[in-house]
Amino acid sequence: MSNWLPKSAAGRRWLGLAPSYFVIGIFMLVPMVIMGVFSFLEPNPYGGVKPVGSLDAYVKLFFEYDLEDNLVFNPGYLNIILRSFQLSFGATLLCLIFGFPVAYFITLQPENRRNLYIYLITIPFWTNLLIRTFAWIIILGRGGVIETPLLWAGIIEDSLRMMYTDGAIAIGLTYSYLPLMVLPIYASLEKLDFRLLEAASDLYANRFEVMTKVVIPLCKPGIIAGCILVFIPCIGAFIAPNLLGGGKKLMLGSLVQFQFASARNWPFGSALSMLLLSAVVVVLIFYARAAKKREAMEGTA
Amino acid sequence: MSSVPMENTTSPRKSKKALPVGHYRGLASWTVVFFVFLYLPIVVLIFYSFNANRMVMNWGGFGIDWYIKAFQNDDIQSAVWNSLVVATVATVVATAIATVGALVLARGGNFRGKTISLGLITLPLMVPEIVTAVAVLIFFAAIGLNWGLGNVIIAHTTFCIPFAFMPIRARLEGMDTSLEQAARDLYASEWETFRYVTVPLLMPGILAGAMLSFVISMDDFIITLMVGGAGSTTLPVYIYSMIRRGLTPEINAVSTLLLLVSIAIVTAYWIMSRKTET
């Protein structure tokens with residue numbers, strides 16, 4: 010039956026991996042390389058590219074041509090990029106502040122109940138993000154769930170205008186990726202030896218010190234992993250800025266989509282994607298370094 | 014670390030006010046707030062789907078009119094059909110590819126290129142979705158591939174592979190090889206061992222991977238929006254176009270149904286994985 014299989018272990022290995030290499034290589038890796046090439050070409054006004062090399066797409070990130078064809082500094086796109094980073098950092102921080110105590114609380118529960126909590130945290134994550142973000146329009150919007158009772162009770166007199174603000178985007182991003190913060194922190198807290206906390210307490214550490222000097226340093230890998238898992242999707246987010254920012258408060262992700270759907274400037278869109286990709290690579294390299302350093306330290310200890 | 018019996022040194026718990034070490038006040042209420050935040054949108058969404066009014070935000074009494082309307086909407090029906098076709102094909106192909114890949118990476122020992130292979134398979138998890146979407150769009154345009162729904166299926170298969178791969182690999186790594194060795198000792202051929210021992214043992218992992226792929230594919234929005242053409246609208250893309258046209262409870266009704274499907278699948282997965290653990 011298995012005569013057609015290669016005899017050597019190496020042959021079988023590559024036969025098993027070949028489909029993965031084929032699909033992900035051709036439909037993911039090659040496209041990203043082509044995208045990189047496209048970012049150095051000239052745009053075709055009807056979408057697509059002309060086979061002419063050009064750095065215009067990258068120049069456009071910082072400069073524009075004025076009426077006399079001089080390059081002048083244009084902070085417009087830079088501001089969008091900066092806002093994307095600010096909002097992503099903000100959302101990551103909110104996730105950490107909001108999620109850490111919850112992860113810690115779950116660790117303190119008996120084991121069967123822990124699984125239930127984890128299940129409840131993952132459920133929203135597996136449901137459609139678009140739908141869950143849309144629900145925030147009903148909550149935050151004019152005449153929505155928050156405003157209506159406040160208006161009715163006379164606490165506020167006019168709409169709070171919560172929609173289409175950076176705050177609304179930050180809430181949407183925090184909400185979208187909160188489970189990605191809680192789960193890795195929980196995974197590292199679960200391994201925590203609680204006797205260490207009592208040892209610290211016996212050595213006259215107060216509650217605050219037990220937390221900051223024992224618990225947090227020991228679950229740092231989980232915290233870092235959580236922050237990265239939240240930050241990466243935030244920086245490329247499209248749904249939250251589009252629905253809750255109303256398309257006026259752009260972020261990198263929506264700017265990229267705009268270049269392909271409406272502006273028809275493929276090289277510029279590719280250049281923005283490359284920027285996004287390099288931000289992710291920098292974050293991942295930072296993570297790999299931190300992990301290696303930790304391993305080295307644990308090895309010598 | 015010394016092996017002093019720490020249990021004896023636990024601070025006295027008799028006084029009602031003192032919390033044991035490691036416990037903090039307010040953790041439970043913080044967690045309650047957290048879960049309210051996490052589930053409020055879902056509850057609101059489902060609640061307003063029963064709004065009889067034309068406008069989502071103006072409550073006009075209880076009614077299931079919008080569910081009936083959604084079921085009669087031809088566009089929604091074809092979007093649901095497209096979503097199901099894409100998710101089914103992508104799930105089957107991605108799970109098959111992930112299974113053979115996981116067998117090699119979990120059982121093939123250490124070999125050169127293992128780390129790179131692992132990195133490649135999990136690549137779709139690391140790259141922001143919008144970048145994947147744009148890259149695939151450019152690629153299809155560059156090679157002139159225009160298969161409509163086929164393009165969407167190819168894109169979905171690619172990003173479903175890591176989601177199928179992870180539970181299968183986890184299952185393989187937790188599996189005892191002694192049963193397979195016993196089968197080989199009893200003169201089962203390699204193929205028979207694989208077919209009658211490995212595959213049945215691995216089945217919970219394969220099913221879990223397939224379920225995750227299916228849910229991920231059904232939920233994908235941004236990649237389908239970019240890659241899909243006019244005739245290949247899936248349900249999330251259709252919901253997006255509905256939101257842009259104006260907010261009616263019909264969106265809530267369709268969304269609620271999609272939500273319930275996802276929750277049902279994930280719950281089934283959860284129950285299954287708990288059963289296999291014990």
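As given, the protein sequences belong to chains A and B, one line each in that order.
Using my numbering, the first residue of the first sequence is number 10, and each one after it goes up by one.
Using my numbering, the first residue of the second sequence is number 14, and each one after it goes up by one.
Cβ atoms here follow ideal geometry from the backbone N, Cα and C, with glycine treated the same way.
### Query
Can you name the residues that DSSP bridges to residue 81 of chain A?
Looking at the DSSP assignment, residue 81 of chain A forms a beta bridge with A:73.
### Query
Cα separation between residue 119 of chain B and residue 187 of chain B?
Distance between the alpha carbons of residue 119 of chain B and residue 187 of chain B is about 10 Å.
### Task
Could you work out which residues of chain A lie near residue 323 of chain B, taking near to mean beta carbons separated by less than 7 Å?
Residue 323 of chain B lies beyond the stretch modelled for chain B, which goes from 14 to 291, so this question has no answer here.
### Query
By how many angstroms is the C-alpha of residue 232 of chain A removed from the C-alpha of residue 126 of chain B?
Answer to the nearest angstrom: the Cα atoms are 30 Å apart.
### Query
Residues bridged to residue 62 of chain A by DSSP?
A:50, per the DSSP bridge assignment.
### Query
Per DSSP, what kind of secondary structure is residue 207 of chain B in: helix, strand or coil?
When DSSP states are grouped into helix, strand and coil, residue 207 of chain B belongs to the helix group.
### Message
Please tell me whether residue 207 of chain A has its Cβ less than 9 Å away from any Cβ of chain B.
### Response
Interface residue (Cβ-Cβ distance to chain B less than 9 Å): residue 207 of chain A is classified as such.
### Query
residue 276 of chain A and residue 70 of chain A look like a contact to me (Cβ under 8 Å); what is the Cβ gap, rounded to whole Å?
Not really, about 11 Å apart at Cβ, beyond 8 Å.
### Message
Is the separation between the beta-carbon of residue 112 of chain A and that of residue 194 of chain A shorter than 9 Å?
### Response
In this structure, residue 194 of chain A lies closer than 9 Å to residue 112 of chain A by Cβ.
### Task
With distances taken Cα to Cα, identify the nearest neighbour of residue 19 of chain A among B:117, B:38, B:51 and B:171.
The shortest C-alpha to C-alpha distance from residue 19 of chain A to any of B:117, B:38, B:51 and B:171 is the one to B:117.
### Message
Classify residue 65 of chain A: buried if its beta carbon has 16 or more other beta carbons within 10 angstroms, exposed otherwise.
### Response
Around the C-beta of residue 65 of chain A, 16 or more other C-beta atoms lie within 10 Å, and the residue is accordingly described as buried.
### Task
Reducing DSSP to helix, strand and coil, say where residue 143 of chain A ends up.
When DSSP states are grouped into helix, strand and coil, residue 143 of chain A belongs to the helix group.
### Message
According to DSSP, simplified to helix, strand and coil, what is residue 123 of chain B?
### Response
In this structure, residue 123 of chain B counts as coil in the three-state DSSP scheme.
### Cβ of residue 108 of chain B within 9 Å of any chain A Cβ
Not closer than 9 Å to any Cβ of chain A, the Cβ of residue 108 of chain B fails to qualify, so no.
### Query
Tell me which same chain residues have a C-beta within less than 7 Å of the C-beta of residue 130 of chain B, skipping the five on either side of it?
So the list reads 118, once near-sequence residues are dropped.
### Query
Would you call the CB atoms of residue 140 of chain B and residue 260 of chain A closer than 9 Å?
No. Outside cutoff.
#### Entry: Environment of residue 217 of chain A [buried if 16+ CB atoms lie within 10 Å]
Result: exposed.
### Query
Do you know how far the Cα of residue 44 of chain A is from the Cα of residue 280 of chain A?
Distance between the alpha carbons of residue 280 of chain A and residue 44 of chain A is about 8 Å.
### Query
With 16 other CB atoms within 10 Å as the buried threshold, where does residue 25 of chain A fall?
With 16 or more other Cβ atoms within 10 Å, it is buried.
### Task
Could you round the C-beta distance between residue 99 of chain A and residue 179 of chain A to whole angstroms and report it? I think they count as a contact, below 8 Å.
With 8 Å as the limit, residue 99 of chain A and residue 179 of chain A qualify as a contact, their Cβ atoms being about 5 Å apart.
### Task
Determine the chain B residues that contact residue 170 of chain A at a beta-carbon separation under 9 Å, and present them in chain order.
Identification of chain B residues near residue 170 of chain A by a Cβ-Cβ cut-off of 9 Å yields none; the smallest Cβ-Cβ distance measures about 15 Å.
### Minimum C-alpha distance to residue 264 of chain B - residue among B:51, B:86 and B:194
Answer by Cα proximity: B:86.
### Message
Taking only three categories from DSSP, how would you classify residue 107 of chain A?
### Response
Helix.
### Query
Just checking my contact of residue 249 of chain A with residue 169 of chain A at CB under 8 Å: how many whole Å lie between their CB atoms?
Contact flag wrong, Cβ pair sits at about 19 Å.
### Query
Would you call the CB atoms of residue 236 of chain B and residue 145 of chain B closer than 9 Å?
Between residue 236 of chain B and residue 145 of chain B, the C-beta gap is smaller than 9 Å, which places the two residues in contact.
#### Entry: Rounded Cβ spacing between residue 232 of chain B and residue 138 of chain A (contact assumed at less than 8 Å)
The beta-carbon distance between residue 232 of chain B and residue 138 of chain A, rounded to whole angstroms, is 7 Å. This is short enough to meet the 8 Å contact definition.
### Task
Report the neighbours of residue 41 of chain B on chain A: residues whose CB is nearer than 8 Å to its CB, in chain order.
114, listed in chain order.
### Beta-ladder partner(s) of residue 64 of chain B, from DSSP
Residue pairing by DSSP places residue 64 of chain B opposite B:75 in a beta bridge.
### Message
If contacts are defined as beta-carbon pairs under 8 Å, then residue 181 of chain B and residue 112 of chain B qualify, I think. What distance do you get, rounded to the angstrom?
### Response
Yes, they are in contact, since the Cβ atoms of residue 181 of chain B and residue 112 of chain B sit about 6 Å apart, within 8 Å.
#### Entry: Local Cβ density within 10 Å of residue 246 of chain B, reported as buried at 16 or more and exposed below that
Buried, because 16 or more other Cβ atoms sit within 10 Å of the Cβ of residue 246 of chain B.
### For residue 304 of chain A and residue 166 of chain A, the rounded distance between their alpha carbons
Spanning the alpha carbons of residue 166 of chain A and residue 304 of chain A requires a straight line of approximately 58 Å.
### Query
CB-CB under 6 Å to residue 106 of chain B, same chain, minus the five flanking residues each way: which ones, in chain order?
Correct list, in chain order: 170.
### Task
Taking only the alpha-carbon atoms, compute the straight-line gap between residue 298 of chain A and residue 164 of chain B and give it to the nearest angstrom.
The C-alpha of residue 298 of chain A lies about 38 Å from the C-alpha of residue 164 of chain B.
### Message
To be precise: take each residue of the region 209-224 of chain B, compare its Cβ to all Cβ atoms of chain A, and keep it if any distance is under 8 Å. Which residues remain?
### Response
Cβ proximity to chain A below 8 Å picks out nothing from the region 209-224 of chain B.
### Query
Can the beta-carbon of residue 76 of chain A be found closer than 9 Å to that of residue 68 of chain A?
Contact: no.
### Message
On the CB-based measure, 16 or more other CB atoms within 10 Å of its CB, does residue 212 of chain B come out buried or exposed?
### Response
That one is exposed.
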